[in-house]
Amino acid sequence: SPQLLPALYGILETACKTPADADAAEKKAADDAARALSDAIGAWAPLAPPALLQKLFSKIMAAILSAAEGGAAATAAPLLSLAGAVVPSLPDKSAALLARAL
51 SPQLLPALYG ILETACKTPA DADAAEKKAA DDAARALSDA IGAWAPLAPP ALLQKLFSKI
111 MAAILSAAEG GAAATAAPLL SLAGAVVPSL PDKSAALLAR AL
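Under my numbering, the sequence shown has 125 at position 75, and the numbering climbs by one with no breaks.
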């Protein structure tokens with residue numbers, strides 16, 4: 051379904067927003083959830099329509115840049131992992147865009 055990847059990405063975005071006052075267990079749970087969601091998105095990415103995947107990648111890149119500008123390294127890390135999971139399913143120009151962002 052074309053709605054699966056955007057839905058998983060929305061859940062991942064929520065998981066990345068761990069409150070600053072969260073304890074270690076909450077942070078670990080959020081990290082584990084983000085990792086599992088990244089893996090799921092990466093697994094489904096080759097099956098997605100190219101236009102949908104490109105749109106999702108654009109959202110991911112915008113979120114990475116926003117997190118980096120805001121100094122939110124904890125938020126950027128799982129998004130970078132997600133971008134890496136999606137890139138193999140995208141054209142080479144997208145991989146080059148990710149490399150420039152790093």
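The beta carbon of each residue, even a glycine, is placed where N, CA and C say it ideally should be.
Check this for me: beta carbons of residue i and residue j, under 8 Å apart or not?
{"i": "Ala117", "j": "Thr125", "result": "yes"}
{"i": "Ile110", "j": "Leu140", "result": "no"}
{"i": "Ala80", "j": "Thr68", "result": "yes"}
{"i": "Leu62", "j": "Leu102", "result": "no"}
{"i": "Leu92", "j": "Ala123", "result": "With the sequence shown as reference, residue 92 is identified as Gly, and Leu is not the correct amino acid for it. Cβ atoms of Gly92 and Ala123: not closer than 8 Å."}
{"i": "Pro138", "j": "Pro99", "result": "no"}
Assign residue i to buried or exposed, taking buried as 16 or more other Cβ atoms, counted over all protein chains shown, within 10 Å of its Cβ.
{"i": "Tyr115", "result": "What sits at residue 115 in the sequence shown is Leu, not Tyr. The residue in question, Leu115, is exposed, as its Cβ has fewer than 16 Cβ neighbours within 10 Å."}
{"i": "Ala84", "result": "buried"}
{"i": "Ser144", "result": "buried"}
{"i": "Ala146", "result": "exposed"}
{"i": "Ser108", "result": "exposed"}
{"i": "Cys65", "result": "Note that residue 65 is Ala in the sequence shown, not Cys. Flag for Ala65 reads buried."}
With a CB to CB cut of under 7 Å and the five nearest residues on each side skipped, what residues in its chain are close to residue i?
{"i": "Ala90", "result": "Leu58"}
{"i": "Lys105", "result": "none"}
{"i": "Trp94", "result": "Leu54 and Leu55"}
Short of 6 Å in beta carbon distance, which residues of its chain neighbour residue i, apart from the five on each side in sequence? Order them along the chain.
{"i": "Ala113", "result": "Leu129"}
Short of 8 Å in beta carbon distance, which residues of its chain neighbour residue i, apart from the five on each side in sequence? Order them along the chain.
{"i": "Ala72", "result": "Ala80"}
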